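If you count by mature numbering (1 follows the signal peptide of the UniProt record, and there is no 0), then the sequence shown holds residues -24 to -1, 1 to 238, one letter each, in order.
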Amino acid sequence: MGGKTFIRNIFLLLLVLTIGEVFTIDVCSNTILPGSKGDQGEVGDKGDEGRLGKSGPPGYRGLPGESGEKGEHGRIGKMGPAGERGEKGEQGMHGPSGLKGKAGTTCDCGRYRKVVGQMEININRLKNSVKFVKNVLLGIKETEERFYLLVKEARRYRDALMNCKLRGGTLAMPKNTNTKTLLSGYISEASLTHVFIGLRSAEAGGGYVFADGGALINSTAWGLEVPSVVSNSSCVQMGSSGAWSQTECDTAKYFICEFSRK
């Protein structure tokens, strides 16, 4: 009897130990699962103001605002530039006649005649001095309408034409016999053989044209052959005998400038 009780107690002890071990393993190994979603809670109190965030991108341009009120009158600006001259106005009405002046003194004509006479003498002396400077010192020849200057600087035709232009004139254009004789004597006095004059072949249509664009009439009467084509030998020179002849435009020669007296 006693032996059966002992065995039964041992069996119960082992059973208890086994059950305890099983429960211990289940408790430690099982995962706790979340419960179902609860009801929405009440709104909480307003929190503290957060930190200032980064600047956002610029917004779109807004609509134009309403016009503001008219401002105060500004200061007077600087005076602008003078305007263009206006048209001449209509003639005004005649003003009233002035007061009668005092009687004049008797003119001492003899005294003034003497002064005027002396002035005329001085003017004539001055004219003679100017003529001496032009004709002797500068070597200028002149007619009633023009002055002529022989330039002793060898230039090509185009450069000679420009040189005379810069001096206020043009290459000499002897368009009549008197001028031709004057210039040929001018060349001879300077001990030269030929100089450029303001004449060359026309670009089209044949014939010759002066430096001012005028055409030479009857070139054969002046001793020139009618040019067949325009070439480098299309310029004209004058000799000390007064004869004209064709010459190359690129040849450097002395030349005569012509100036108007007006």
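From the three backbone atoms N, C-alpha and C, an ideal C-beta is built for every residue, glycine too.
Treat the numbers as computed from the prediction; the structure is a model and nothing was measured.
Asked                                                                                                                                                                            : Found
In terms of alpha-carbon separation, which member of Ala187, Gly183 and Asn154 lies closest to asparagine 194?                                                                   : Gly183
What does a CB cutoff of less than 8 Å around serine -9 pick up in its chain, not counting 5 residues either side in sequence?                                                   : The residue you asked about is not serine; residue -9 is valine in the sequence shown. Excluding sequence neighbours, valine -9 sits near nothing in its chain.
Which word fits isoleucine 163, buried or exposed, when buried means at least 16 other C-beta atoms lie within 10 angstroms of its C-beta?                                       : buried
Distance, Cα to Cα, glutamate 25 vs lysine 13?                                                                                                                                   : 31 Å
Considering only residues of the same chain and omitting the five flanking positions on each side of phenylalanine 235, which have a CB-CB separation below 6 Å?                 : Phe123 and Gly145
Comparing C-alpha positions only, which one of Arg(-17), Phe(-14), Arg237 and Asn(-16) sits nearest to isoleucine 116?                                                           : Arg237
Give me the residue from Glu224, Ser217 and Asn154 with the minimum Cα distance to threonine 119.                                                                                : Asn154
Tell me which residues share the same chain as glycine 80 and place their Cβ nearer than 6 Å to its Cβ, disregarding the 5 neighbours each side in the sequence.                 : none
State the DSSP-derived secondary structure class of cysteine 140, mapped to helix, strand or coil.                                                                               : helix
Work out the CA separation of arginine 27 and glutamate 18 for me, nearest whole Å.                                                                                              : 26 Å
Helix, strand or coil for arginine 237? Go by DSSP, reduced to three states.                                                                                                     : coil
Less than 8 Å between the beta carbons of phenylalanine 231 and alanine 136, yes or no?                                                                                          : yes
Rounded to whole angstroms, what is the Cα-Cα separation between valine 171 and lysine 103?                                                                                      : 30 Å
Would you kindly work out how many angstroms separate the C-alpha atoms of arginine -17 and glycine 11, rounded to a whole number?                                               : 44 Å
Taking 8 Å as the threshold (C-beta atoms), are glycine 174 and alanine 148 in contact?                                                                                          : yes
Return the chain-ordered list of same chain residues with a C-beta closer than 7 Å to the C-beta of glutamate 45, the five sequence neighbours on each side being excluded.      : none
Using a threshold of 8 Å, state whether the C-beta atoms of cysteine 211 and tyrosine 133 are closer than that.                                                                  : yes
Taking the C-alpha atoms as reference points, what is the distance between lysine 141 and asparagine 98?                                                                         : 34 Å
Look at the Cβ atom of leucine 158, then the Cβ atom of methionine 214, and state whether they are nearer than 8 Å.                                                              : no
On the DSSP letters alone, give me the boundaries of the alpha helix (DSSP H) that threonine 155 sits inside.                                                                    : 153 to 165
From the DSSP output, in three-state form, read off glycine 93 for me.                                                                                                           : helix
What three-state label does DSSP hand threonine 146 in the structure shown?                                                                                                      : strand
Need the endpoints of the beta strand (DSSP E) that threonine 223 sits in, please.                                                                                               : 220 to 223
Could you tell me the alpha carbon to alpha carbon distance between glycine 50 and glycine 32, rounded to whole angstroms?                                                       : 40 Å
Between Lys229, Lys22 and Asp15, which lies nearest to glutamate 129 when the distance is taken from Cα to Cα?                                                                   : Lys229
Drop a sphere of 10 angstroms on the beta-carbon of proline 150, count the other beta-carbons inside from all chains shown, and report buried for 16 or more, exposed for fewer. : buried
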